[in-house]
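Have a look at the structure below, then the notes.
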Amino acid sequence: KQEVTQIPAALSVPEGENLVLNCSFTDSAIYNLQWFRQDPGKGLTSLLLIQSSQREQTSGRLNASLDKSSGRSTLYIAASQPGDSATYLCAVQGNDMRFGAGTRLTVKP
Amino acid sequence: EPEVTQTPSHQVTQMGQEVILRCVPISNHLYFYWYRQILGQKVEFLVSFYNNEISEKSEIFDDQFSVERPDGSNFTLKIRSTKLEDSAMYFCASGPGRMNTEAFFGQGTRLTVV
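Quick note, the sequences are listed as chains A and B, same order. The numbering used here numbers the first residue of the first sequence as 62 and each following residue consecutively. The numbering used here numbers the first residue of the second sequence as 122 and each following residue consecutively.
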């Protein structure tokens, strides 16, 4: 059974810092991995999708990498801003989509 | 920009009552999903739906749950006899394909069973 783990569970940084969020999964037989943002009490906003054959994807200040063989993905956020404060979820797509518990990010002005 | 819409945003129901949560997926998408998130816990897969039938379901999706696409636009989740532990945020999602495509989520329906 696929297990998805995200570390750290929470992270607080000053504005402007570059940061890395980690995601690991136990079963490498995945079709893709998706990173989401969730604001408190809100829905899930898709940030990046990495196909299983890809190594990374970039969107603006966000860069996500995927190492399928080792079961790891990272989300790199450059020059963090207070508006980046949210919970970041990774999800792996096999026969169904399995989510990690998320990393709660706080960027302080 | 097309989006998945869910109604209502918040529903309060008494234990034992039936509820129907509604979703309008993105119009050209073919795959539809329901997920739930109990407060403070992970987002959990419930069911996927394609070509008017369930394609996958989790162990959570037992006989009290059902899904339907009653017309060309709506996708519904019915909980027949709600329990306190059904209180959660329920998310609908859709995608143009299944395995290799991005899933787009709605804003969720917060279900509170009292």
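Ideal Cβ positions, reconstructed from N, Cα and C, are used throughout, including at glycine. Quick caveat: nothing in here was measured; it's all calculated off a predicted structure.
Asked                                                                                                                                                                                         : Found
Is any non-hydrogen atom of the ligand SAH found closer than 7 angstroms to the C-beta of residue 67 of chain A, if you look at the structure I gave you?                                     : Within the structure as shown, the ligand SAH is missing, as the structure has no ligands at all.
Kindly indicate which residue of B/147, B/161 and B/185 has the alpha-carbon position closest to the one of residue 210 of chain B.                                                           : B/161
Taking residue 155 of chain A as the reference, give the member of B/131, B/224, B/213 and B/207 with the closest Cα.                                                                         : B/224
Sort out for me which residues DSSP pairs residue 71 of chain A with in a bridge.                                                                                                             : A/165
If contacts are defined as beta-carbon pairs under 8 angstroms, then residue 140 of chain A and residue 122 of chain A qualify, I think. What distance do you get, rounded to the angstrom?   : 6 angstroms
Just reading off the beta strand (DSSP E) that residue 214 of chain B is part of, what are its end residues?                                                                                  : 209-216
Counting only C-beta atoms, is residue 166 of chain B closer than 8 angstroms to chain A at any point?                                                                                        : yes
Under a CB-based cut-off of 8 angstroms, is residue 209 of chain B close to chain A?                                                                                                          : no
Report yes if the C-beta distance between residue 237 of chain B and residue 167 of chain B is below 8 angstroms; otherwise report no.                                                        : Residue 237 of chain B lies beyond the stretch modelled for chain B, which goes from 122 to 235, so this question has no answer here.
With a threshold of 7 angstroms on Cβ separation, who are the neighbours of residue 132 of chain A within its own chain once the five nearest residues in sequence on each side are excluded? : 85, 86, 87 and 89
Residue 174 of chain B: which of B/197, B/158, B/180 and B/149 sits nearest, CA to CA?                                                                                                        : B/197
Can you tell which of A/160, A/148, A/169 and A/164 has the C-alpha that lies nearest to the C-alpha of residue 165 of chain B?                                                               : A/160
Mind checking residue 65 of chain A: buried by the 16 CB within 10 Å criterion, or exposed?                                                                                                   : buried
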